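A.B. asks: For the sequence shown, position 200 (counting from the first letter as 1) is numbered 200 according to our numbering, and the numbering increases by one without interruption. What follows is a structure written as structure tokens; I'll ask about it next.
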Amino acid sequence: MTNAVAFQPIRLPTVSYGPFRLMEAVPWLMLAAAMRVLTVKGGLVWFFASIFSDIAIFLAFMLAARRMIELTDGKTALGRLSFAQQLIIARTVLVPVILMILVVSITVVCMGAHWTGFNLLFGFDGIAFDQKTPVGMVWSAFLAAVCLLLLLKAENTGKAKLFDALRELWQRSVCMVPAIIAVSFADIGLSVVQGIVRTVVYAFWHNSTAPSFIRALVFFFFVFAFASIRLWTTLAILVFALRESYRRFARAT
């Protein structure tokens, strides 16, 4: 044959979740839940599992934020990002957030509140998973608001400066502070419900004669189901508050 064969790039099919778009973030939350299980091994396993868990939580956060913005008739280009671009945004947002968490946690420890400071280290993890204390829940709600503003800035400008996000949060405090408080109370309520369900799950784990695989599956479903509810509740409150802030600014100008 004398004709050259032209190789076309392979195009993967686009997967649509249809009416189940709220399930889009679940795979990343499942990965984060699995990574959290590995952290109990300690050492380097804990270190790398924590990193992968935070990345998975952020990717779930980004997907959920995109869907919530679209559900409120907002416009976002997050859906057009490739996976590589999503990882770049994850690095852009997570680095300043993690640094802020470390600075605040170390400062609180140096002030003598060792347990509180240690608990604040898991503030980003608390965006999706259960926190230990009400202070930690408020901290996680605050971090979720900062991450949302950083994510939108990274989408629009390709850069995410922490102080710019904090300044914008202060400028929109009329709407965002009540939203952070509402997220905190929602987290506290979910934590109470999760504690009750946890008792039932533990009883099933220790007393059931079901195969170990079934018991593990029930526990795993329990963890990421509440993670999904907590993530979506957080973003629903914050996105609606941010949209109201935009509307007030538009009316004022």
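Here a beta-carbon is modelled for each residue, glycine too, at the ideal position from N, C-alpha and C. As the structure is a prediction and not an experimental result, all values here were calculated from the model.
Apart from the five residues on each side of it in sequence, which residues of its chain come closer than 7 angstroms, Cβ to Cβ, to Phe58?
C.D. replies: Once the five neighbours on either side are set aside, the close Cβ partners of Phe58 are Ala90, Val93 and Leu94.
A.B. asks: Is it the case that the Cβ atoms of Ala49 and Ala32 are separated by a distance below 7 angstroms?
C.D. replies: no
A.B. asks: Classify Val45: buried if its beta carbon has 16 or more other beta carbons within 10 angstroms, exposed otherwise.
C.D. replies: It is exposed - the Cβ of Val45 has fewer than 16 other Cβ atoms within 10 Å.
A.B. asks: Which residue marks the beginning of the alpha helix (DSSP H) containing Val177, and which one marks its end?
C.D. replies: Ser173 to Asn207
A.B. asks: Under the three-state reduction of DSSP, which class applies to Gly112: helix, strand or coil?
C.D. replies: coil
A.B. asks: Could you give the C-beta distance for Phe124 and Ile180, rounded to a whole number, given that I count them as a contact under 8 angstroms?
C.D. replies: At roughly 15 angstroms, the Cβ-Cβ gap does not stay under 8 angstroms, so Phe124 and Ile180 are not in contact.
A.B. asks: Using the three-state DSSP reduction, which class does Pro211 fall into: helix, strand or coil?
C.D. replies: Three-state DSSP puts Pro211 in coil, outside helix and strand.
A.B. asks: Give me, in chain order, the residues of the same chain whose beta-carbon lies closer than 6 angstroms to that of Leu63; leave out the 5 immediate sequence neighbours on both sides.
C.D. replies: Glu24 and Ala25
A.B. asks: Secondary structure at Thr39, three-state DSSP: helix, strand or coil?
C.D. replies: helix
A.B. asks: Restricting to runs no shorter than 4 residues, where is the alpha helix (DSSP H) found entirely within the segment 36–106?
C.D. replies: 43–71
A.B. asks: Which residues bound the alpha helix (DSSP H) around Lys153?
C.D. replies: Pro134 to Thr157
A.B. asks: Return yes when the Cβ of Val239 is within less than 7 angstroms of the Cβ of Ile69, no when it is not.
C.D. replies: yes
A.B. asks: Assess contact between the segment 222–239 and the segment 136–152, defined as three or more Cβ pairs (one per stretch) separated by less than 8 angstroms. Is contact present?
C.D. replies: yes
A.B. asks: So for Gly123, helix, strand or coil by DSSP?
C.D. replies: coil
A.B. asks: From Met30, Phe52 and Pro27, pick the residue whose C-alpha is nearest to that of Thr39; which is it?
C.D. replies: Phe52
A.B. asks: Answer yes or no: do Leu29 and Ser228 have a C-beta to C-beta separation smaller than 7 angstroms?
C.D. replies: Result yes, Cβ atoms of Leu29 and Ser228 sit closer than 7 angstroms.
A.B. asks: In whole angstroms, what separates the C-alpha of Thr253 from that of Arg36?
C.D. replies: 46 angstroms
A.B. asks: Considering only the alpha carbon of each residue, which of Val201, Leu162, Phe219 and Glu168 lies closest to Met100?
C.D. replies: Leu162
A.B. asks: Can you tell me which of the three DSSP states Asp130 falls into?
C.D. replies: coil
A.B. asks: Which residues in the same chain have their Cβ closer than 6 angstroms to the Cβ of Phe224, if we skip the five residues on either side of it in sequence?
C.D. replies: Closer than 6 angstroms at the Cβ level, and outside the excluded window around Phe224, lie Leu29, Met30 and Ala33.
A.B. asks: According to the neighbour-count rule (16 or more other Cβ atoms, all chains shown, within 10 Å of its Cβ), is Thr199 buried or exposed?
C.D. replies: exposed
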